[in-house]
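Using our numbering, the letters of the sequence shown map in sequence onto residues 33 to 162.
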Amino acid sequence: MFCEKCGKEIGSGEKFCPVCGTKISWENSQETGAANGSGQISIHPMPVPMMTLNQEEYAPIMSVWNYMALFLLSAIPIVGMIVIIVCAINSTNKNQSNYCRAIILMWVISFILILILKASIGAMIGSLLW
């Protein structure tokens, strides 16, 4: 028998699909026998999956509270920076790691813009004094 959701072959007696975890209903999907009233055996064709997903490639979804905690943590001057850098490097959750990397990238962009703004204001003040 094949799974109705993902199309993978399922061994006899299994209660769930080993690939996608769909619950198997053996009573409704036996291909070996029930006649459909006209004396013919009803056989369901194997569904062809559009795309097989590998669950190991996907990180758990972060909640809004996790994003808010990381955002507020990034605002703490020294401790927050250290924690964000550690999370960006060592986090097992790819979503959390990518979010922390984005925060670090925003720090770098902000620092560069502050330097440019400081240099331009310094040049304007210098031209006014001379």
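All C-beta atoms in this analysis are idealised placements derived from N, C-alpha and C, irrespective of residue type, glycine included.
Close Cβ partners of residue i (< 8 Å) along its chain, the five nearest in sequence each way excluded
i, result
"S123", "S129, C132"
"M94", "N125, N127, Q128, Y131"
"K47", "K55, I56"
Check whether residue i and residue j have beta carbons under 7 Å apart
i, j, result
"G112", "L102", "no"
"I121", "I135", "no"
"C52", "I42", "no"
Endpoints, the alpha helix (DSSP H) within which residue i is located
i, result
"I157", "126 to 161"
"S57", "No alpha helix (DSSP H) contains S57, which DSSP labels as neither H nor E."
"G112", "111 to 122"
"M100", "96 to 106"
Chain-order list of residues whose beta-carbon lies under 7 Å from that of residue i (same chain, five-residue window excluded)
i, result
"Y99", "Y131"
Own chain partners of residue i with C-beta closer than 6 Å, once the 5 adjacent residues on each side are dropped
i, result
"K40", "V51"
"K37", "C52, T54"
Residue i (DSSP reduced to helix, strand or coil)
i, result
"E41", "strand"
"F48", "strand"
Distance cut-off 6 Å: residue i Cβ against heavy atoms of the ligand MN
i, result
"C119", "With respect to the ligand MN, the structure offers nothing, as it holds no ligand at all."
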